[in-house]
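Structure first, commentary second.
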Amino acid sequence: MRRRALLASAAAVSTASLAGCPTPPWTDAPTEIDGAELTFRREYDGDLDVTGSGGNDVAEVRRRLDEDPPRLVVAGSLLDGPRRCERVSLLEATLDDGTLRLRIVSEDDPESDVDVCSDVAEPHPYSVAVAFADAPVPERVVVRHETETVLEKSV
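When you read off a place in the sequence shown, starting at 1, and then add 409, the result is the number in our numbering.
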């Protein structure tokens, strides 16, 4: 089973901690994951074609396999606290055993200048684009929001 940390190059950059796990400082800059290029963004283009029950977390896979290199885009929305105080981050990503696994979490936004935030839940959109330049396209995609699996789908 192949597993690698996503941001070995970020060792020089400080990291925050979330529930005992190191949280890398994600940006729009591409990151290498076992031969695939991964880009995380706190936004997504267009609307999602899936709905959660009662506004719960949702995610979908957009296949772009005819591009060069072939790619997958996971677009989703994590329902959590107010966006002016919190943000979503990609905590972990692995590509092993023919499965792309992503774990998205919410955390305090270090750039927020708000003193007190309400506990009102709001959707936090995100997208993860994965280009498979030197790795085969996986057979399955699994997405977790915090500890809940919100997507498990064949490619």
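A virtual CB, placed ideally from N, CA and C, is assigned to each residue, including glycine.
Thinking just about the alpha-carbon of each residue, which of S521, A544, R549 is nearest to the one in P478?
Ranking S521, A544, R549 by Cα distance to P478 puts A544 first.
State buried or exposed for D505, treating a residue as buried only when at least 16 other CB atoms are found within 10 Å of its CB.
Flag for D505 reads exposed.
Contact check, S486 vs L509 under 8 Å by CB: the rounded distance?
That pair is no contact at about 19 Å.
Under DSSP, the beta strand (DSSP E) around V537 begins and ends at which residues?
Its beta strand (DSSP E) spans residues 531 to 540.
Would you decide whether R503 is buried or exposed? Buried here means 16 or more other CB atoms lie within 10 Å of its CB.
It is Thr, not Arg, that sits at residue 503 in the sequence shown. Its Cβ being crowded by 16 or more others within 10 Å, T503 is buried.
Just list the residues that DSSP pairs V546 with in beta bridges.
Paired residue(s): none; V546 is not in a bridge.
On a CA-only basis, which of V552, G507, S563 is nearest Y535? Give me that one, please.
Nearest of V552, G507, S563 to Y535, Cα basis: V552.
To the nearest angstrom, report how far apart L488 and D475 are at their CA atoms.
If you take the alpha carbons of L488 and D475, they lie about 32 Å apart.
DSSP puts V564 in a beta bridge; with which residues?
DSSP lists no partner for V564.
Would DSSP call T556 helix, strand or coil?
It is coil, neither helix nor strand.
Sort out for me which residues DSSP pairs G485 with in a bridge.
According to DSSP, G485 bridges with A468, Y535.
CA-CA distance, L560 and D466?
Their backbone Cα atoms lie some 10 Å apart in a straight line.
Indicate the three-state DSSP secondary structure (helix, strand or coil) for V497 in the structure shown.
Strand.
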